[in-house]
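Straight run, no breaks: the sequence shown in full-length UniProt numbering ends on number 541.
Even for Gly, the Cβ is constructed at its ideal location relative to N, Cα and C.
Remember, predicted model here, so these are calculated numbers, not experimental data.
Worksheet: the structure to be examined is printed underneath.
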Amino acid sequence: VRPLNGNGEVTLGEKVTADAAGVVTCLDEARHGFENGDSVIFTEVQGMTELNSCQPIEIKTLGPYTFSICDTTGFSDYVRGGIVSQVKMPQKVAFKSLTTSMTEPEFVVTDFAKFERPGQLHLGFQALHSYQRKHNRLPKPWCQADGEELVSLAKEVNSSQTGSAKVDELDDKLIKKLAFVSAGDLAPINAFIGGLAAQEVMKACTGKFMPMVQWLYFDALECLSEEEGGAMLTEEDCAPRNSRYDGQIAVFGSQLQEELAKQRYFLVGAGAIGCELLKNFAMIGLAGGEGEVIVTDMDTIEKSNLNRQFLFRPWDVTKMKSETAAAAVKQMNPSIRITGHQNRVGPETERVYDDDFFESLHGVANALDNVDARMYMDRRCVYYRKPLLESGTLGTKGNVQVVIPFLTESYSSSQDPPEKSIPICTLKNFPNAIEHTLQWARDELRVCFKQAVREYAKFLERTLKLPGAQPLEVLEAVYKSLVIDCPRSWADCVTWARHHWQCQYSNNIHQLLHNFPPEQVYRTHTHRVYRTLGTPPLSMT
Numbered sequence: 001v002r003p004l005n006g007n008g009e010v011t012l013g014e015k016v017t018a019d020a021a022g023v024v025t026c027l028d029e030a031r032h033g034f035e036n037g038d039s040v041i042f043t044e045v046q047g048m049t050e051l052n053s054c055q056p057i058e059i060k061t062l063g064p065y066t067f068s069i070c071d072t073t074g075f076s077d078y079v080r081g082g083i084v085s086q087v088k089m090p091q092k093v094a095f096k097s098l099t100t101s102m103t104e105p106e107f108v109v110t111d112f113a114k115f116e117r118p119g120q121l122h123l124g125f126q127a128l129h130s131y132q133r134k135h136n137r138l139p140k141p142w143c144q145a146d147g148e149e150l151v152s153l154a155k156e157v158n159s160s161q162t163g164s165a166k167v168d169e170l171d172d173k174l175i176k177k178l179a180f181v182s183a184g185d186l187a188p189i190n191a192f193i194g195g196l197a198a199q200e201v202m203k204a205c206t207g208k209f210m211p212m213v214q215w216l217y218f219d220a221l222e223c224l225s226e227e228e229g230g231a232m233l234t235e236e237d238c239a240p241r242n243s244r245y246d247g248q249i250a251v252f253g254s255q256l257q258e259e260l261a262k263q264r265y266f267l268v269g270a271g272a273i274g275c276e277l278l279k280n281f282a283m284i285g286l287a288g289g290e291g292e293v294i295v296t297d298m299d300t301i302e303k304s305n306l307n308r309q310f311l312f313r314p315w316d317v318t319k320m321k322s323e324t325a326a327a328a329v330k331q332m333n334p335s336i337r338i339t340g341h342q343n344r345v346g347p348e349t350e351r352v353y354d355d356d357f358f359e360s361l362h363g364v365a366n367a368l369d370n371v372d373a374r375m376y377m378d379r380r381c382v383y384y385r386k387p388l389l390e391s392g393t394l395g396t397k398g399n400v401q402v403v404i405p406f407l408t409e410s411y412s413s414s415q416d417p418p419e420k421s422i423p424i425c426t427l428k429n430f431p432n433a434i435e436h437t438l439q440w441a442r443d444e445l446r447v448c449f450k451q452a453v454r455e456y457a458k459f460l461e462r463t464l465k466l467p468g469a470q471p472l473e474v475l476e477a478v479y480k481s482l483v484i485d486c487p488r489s490w491a492d493c494v495t496w497a498r499h500h501w502q503c504q505y506s507n508n509i510h511q512l513l514h515n516f517p518p519e520q521v522y523r524t525h526t527h528r529v530y531r532t533l534g535t536p537p538l539s540m541t
């Protein structure tokens, strides 16, 4: 069985039982990757052919290697073969009216450490709207009197609730903080809400992916200073300064804004994440005074970058990313001090990014696309005890890790589980999916045009150090490549290619059919079924 699900996993089936709820078991402990409620269809099943004409069947997973389907007691006996594919079924989503959902809300929980927070904020925002209608303004930043009034309004809103929106106990501190910061305006929060709204618009336009149901409240109150840890901000601290950062000062105060202007940050990478970070750096006033942002990226801008790396325009193609991105954010905020480098981070550039350089930094932000560079920068930050902002993307998904010296684990302290590899026997003998052929072609290219060249270049250096008969094997391979098979003309290249094709696409296939004839019977009394590309060789009893 080969499930074509969202994860693209390939599973071989072993049997399908004839029961009230037929059970499909996978071969060789291969995981099927399905979930409860998934719908599947069967094709190319031999014996139990009724499955081939069934409408999409809702399954129930019994384990990582088994799942149950419909009643198969009236079907023919199963013989072998078959492909099972996941089918995405349309789902109807019902939304309540605004009036109803105000009293009977459904929340999207974004942080399970704040499970009760959405209900509190739901009441808080209703109270905030009442306050704005009453005073024609929002509460003043960090004004205690306005905060107390908003708490009173929130209690009135809560007492008037008749549905599930009513809470047993109102969080007065939370409602006060809502009043204190409601007049603020933070560029990073705007970016988050804007991206979320754009994604929902795309869902509505395409009819794909599940929309949010129905209320989502997002907060980052962790960014505010703890009341127990020091002096609270005052109205004077957060009063407008007639600057572009007044919205941010209203939340964090003028002292933090001054500190941001002094920050010296090192950004590694100016791609999609790097552009977003630079934009946010410029909007919040990072390095807007005595500080500096140093961004390095050795790549040039390609046309394919333009759809997601928004600091670049068509006329920037072939220019250096770091310099172009620096110039773009300079237009957004002329006060930012930013320098673009074209250096790769690694041991070879440690003369540039030396002890003095790292000691002068306040922090590092990674916007890299490979693990090796991430781990290198992580080691440097650990050594120099610098905070690191690590992030990455995969399709529509993303991740962020904040690394703080002596407080959190470093990036290299944990690793992602290894990606599922394709067995060598599958690649060499029974490739049955497009990804198998791609991996086979990559391996062949590496062996013929990369590994061979490197091995021959290091031949004299390493051969004599090899144990046993390995020096002779390497010598024979070098002799064959440099003497026997060495092309001396275009005709020789064509001849080599023709011989290579004959070996890979004729001789090897004939040898495979000789070693594994179609009529071969396994110890499990099943036959191997040969298929076209895209349908795996299966055995199901």
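Selection from the options that minimises the alpha carbon distance to residue i
{"i": "Gly33", "options": "Glu50, Gly22, Ile59, Thr49", "result": "Ile59"}
{"i": "Pro141", "options": "Met232, Ser506, Ala250, Val109", "result": "Ala250"}
{"i": "Lys321", "options": "His341, Lys330, Asn307", "result": "His341"}
{"i": "Ala113", "options": "Phe218, Val371, Tyr245, Gln46", "result": "Phe218"}
{"i": "Met298", "options": "Leu445, Val93, Ser410, Leu368", "result": "Leu368"}
{"i": "Lys96", "options": "Gln46, Arg133, Asp246, Met212", "result": "Met212"}
{"i": "Gln144", "options": "Val181, Phe115, Met89, Arg133", "result": "Val181"}
{"i": "Leu389", "options": "Thr408, Gly395, Thr396", "result": "Thr408"}
{"i": "Gly373", "options": "Ser360, His362, Asp355, Thr349", "result": "Gly is not the amino acid found at residue 373; the sequence shown has Ala there. Closest option to Ala373, Cα to Cα, is Thr349."}
{"i": "Lys397", "options": "Thr72, Met89, Leu196", "result": "Leu196"}
{"i": "Glu444", "options": "Cys275, Glu104, Gln504", "result": "Gln504"}
{"i": "Ala79", "options": "Ser130, Glu50, Leu150", "result": "Before going further, note that residue 79 is Val rather than Ala in the sequence given. Residue Glu50 is the option with its Cα nearest to Val79."}
{"i": "Asp237", "options": "Thr61, Asn507, Gln257", "result": "Gln257"}
Counted within 10 angstroms of its Cβ, other Cβ atoms place residue i as buried (16 or more) or exposed
{"i": "His499", "result": "exposed"}
{"i": "Ile336", "result": "buried"}
{"i": "Phe266", "result": "buried"}
{"i": "Gly253", "result": "buried"}
{"i": "Leu538", "result": "Unreliable positioning characterises Leu538 in this predicted model, as indicated by a pLDDT of 40, which lies under 50. The coordinate reading is nonetheless provided below. Buried."}
{"i": "Arg117", "result": "buried"}
{"i": "Gln126", "result": "buried"}
{"i": "Ile193", "result": "exposed"}
{"i": "Asn305", "result": "buried"}
{"i": "Asp111", "result": "exposed"}
{"i": "Thr206", "result": "exposed"}
{"i": "Cys26", "result": "buried"}
{"i": "Lys303", "result": "exposed"}
{"i": "Gly395", "result": "exposed"}
{"i": "Pro139", "result": "buried"}
{"i": "Pro90", "result": "exposed"}
{"i": "Lys176", "result": "buried"}
Sequence-distant residues of the same chain with beta carbon closer than 8 Å to residue i, five excluded per side
{"i": "Arg496", "result": "First, the residue type needs correcting, since residue 496 is Trp and not Arg in the sequence shown. Counting only Cβ-Cβ distances below 8 Å, and skipping sequence neighbours, we find Asp485, Pro487."}
{"i": "Ala220", "result": "Ile189"}
{"i": "Gln132", "result": "Leu138"}
Pair within 7 Å by beta-carbon distance, residue i and residue j
{"i": "Asn343", "j": "Thr296", "result": "yes"}
{"i": "Gly184", "j": "Ala154", "result": "no"}
{"i": "Ala272", "j": "Gln309", "result": "yes"}
{"i": "Ile83", "j": "Cys70", "result": "no"}
{"i": "Ala191", "j": "Ile284", "result": "no"}
{"i": "Leu278", "j": "Val345", "result": "no"}
{"i": "residue 543", "j": "Val402", "result": "Residue 543 lies beyond the residue range present for the chain, which begins at 1 and ends at 541; the question has no answer from this structure."}
{"i": "Gly289", "j": "Lys262", "result": "yes"}
{"i": "Glu104", "j": "Ser164", "result": "yes"}
{"i": "Gln199", "j": "Glu106", "result": "no"}
{"i": "Thr61", "j": "Phe67", "result": "yes"}
{"i": "Val201", "j": "Asp172", "result": "no"}
Cβ separation of residue i and residue j, assumed to be a contact under 8 Å, to the nearest whole Å
{"i": "Phe75", "j": "Met48", "result": "5 Å"}
{"i": "Lys386", "j": "Val364", "result": "6 Å"}
{"i": "Asn52", "j": "Thr43", "result": "6 Å"}
{"i": "Leu286", "j": "Leu311", "result": "Rounded, the Cβ-Cβ distance is 16 Å, inconsistent with contact."}
{"i": "Leu128", "j": "Leu178", "result": "7 Å"}
{"i": "Arg264", "j": "Gly291", "result": "5 Å"}
Cβ shell of residue i (< 6 Å), same chain only, five flanking positions each side left out
{"i": "Tyr384", "result": "Phe358"}
{"i": "Ser412", "result": "Met375, Asp378"}
{"i": "Leu216", "result": "Val108"}
{"i": "Thr17", "result": "Val23"}
{"i": "Ile338", "result": "Val293, Ala326"}
{"i": "Asp19", "result": "none"}
{"i": "Cys381", "result": "Val364, Leu388"}
{"i": "Gly269", "result": "Asp297, Ala367, Leu368"}
{"i": "Pro405", "result": "Arg385"}
Residue i beta carbon near the ligand PLP (any heavy atom closer than 6 Å)
{"i": "Cys26", "result": "Of the ligands one can find in the structure shown there are none, so the ligand PLP has no counterpart to examine."}
Beta-carbon contacts of residue i that lie in its chain and below 7 Å, excluding the five residues immediately before and after
{"i": "Met167", "result": "One detail in the question is off: residue 167 reads as Val in this sequence, not Met. Only Gly119, Gln120, Leu123, Asn158 meet the Cβ criterion."}
{"i": "Phe209", "result": "Lys203"}
{"i": "Cys275", "result": "Gln309, Phe310, Leu311, Ala325"}
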